[in-house]
Amino acid sequence: MITRFPTHVGDPTCASAVRAGGFLFLAHHAGGFDRREYAAQTRATLHSLGETLAPAGAGFEDVVQVTLWLRELTDETREAWDVFAEFFGDQPPARMTATTDFFDPACLVMVDAVAYVGDRG
Numbered sequence: 001m002i003t004r005f006p007t008h009v010g011d012p013t014c015a016s017a018v019r020a021g022g023f024l025f026l027a028h029h030a031g032g033f034d035r036r037e038y039a040a041q042t043r044a045t046l047h048s049l050g051e052t053l054a055p056a057g058a059g060f061e062d063v064v065q066v067t068l069w070l071r072e073l074t075d076e077t078r079e080a081w082d083v084f085a086e087f088f089g090d091q092p093p094a095r096m097t098a099t100t101d102f103f104d105p106a107c108l109v110m111v112d113a114v115a116y117v118g119d120r121g
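Position one of the sequence shown corresponds to residue 1 (this note's numbering), numbered consecutively onward.
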């Protein structure tokens, strides 16, 4: 069974999450554009991710993979990794970090993720 969760970004062509079997695929999470700081935007981005996980009966402990998209790699971007520890603790998901240009020039951070929810939600 496939369940699509409504978009959180106002774009009807993409779902915020899609559940397929026991997996939840999450896309297009970002936030905190009012501050041009990697730590602040990462924190806002992960809060947004949490708000999408909750209705599916999931939490950060269920996230098994994250792709962390950053505008650039600098000493400041390491702050994003520190924020990850606040949300994932000592059981982090598999993570890949890459750089990209975003459509919104204020965006510094975005994540895609996969969570395993099994029969919950």
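We put the CB at the ideal spot given by N, CA and C, even for glycine. None of these values were measured; they are calculated from a predicted model.
Other residues of its chain near residue i: CB distance less than 7 Å, five sequence neighbours each side excluded
{"i": "LEU49", "result": "LEU26, HIS29, VAL111 and ALA113"}
{"i": "ALA20", "result": "ILE2"}
Contact under 9 Å by Cβ, residue i with residue j
{"i": "THR97", "j": "LEU70", "result": "yes"}
{"i": "VAL109", "j": "THR42", "result": "yes"}
{"i": "PHE33", "j": "ASP104", "result": "yes"}
{"i": "LEU46", "j": "PHE60", "result": "yes"}
{"i": "ARG188", "j": "ALA56", "result": "Given a span of 1 to 121 for the chain in the structure shown, any question on residue 188 remains unanswerable."}
Cβ distance (whole Å) where residue i is taken to contact residue j below 8 Å
{"i": "ALA80", "j": "ALA44", "result": "ALA80 to ALA44, Cβ: 11 Å. No contact."}
{"i": "LEU24", "j": "ALA54", "result": "About 11 Å separates the two Cβ atoms, so there is no contact after all."}
{"i": "ALA115", "j": "VAL63", "result": "5 Å"}
{"i": "PRO93", "j": "GLN65", "result": "5 Å"}
{"i": "LEU68", "j": "ARG95", "result": "6 Å"}
DSSP beta-bridge partners of residue i
{"i": "MET96", "result": "THR67"}
{"i": "HIS29", "result": "VAL111"}
{"i": "PHE23", "result": "ALA20 and TYR116"}
{"i": "ARG78", "result": "Looking at the DSSP assignment, ARG78 forms no beta bridge with any residue, so it has no partner."}
Candidates the options, of which the one nearest residue i by Cα
{"i": "THR13", "options": "PHE5, GLU37 and PHE102", "result": "PHE5"}
{"i": "ASP75", "options": "ALA85, GLY31 and GLU37", "result": "GLU37"}
Same chain, Cβ closer than 8 Å to residue i, five either side skipped, listed in chain order
{"i": "GLY22", "result": "TYR116, VAL117, GLY118 and ASP119"}
6 Å CB neighbourhood of residue i in its chain, flanking five on each side removed
{"i": "VAL18", "result": "ARG4 and PHE25"}
{"i": "ALA106", "result": "PHE33"}
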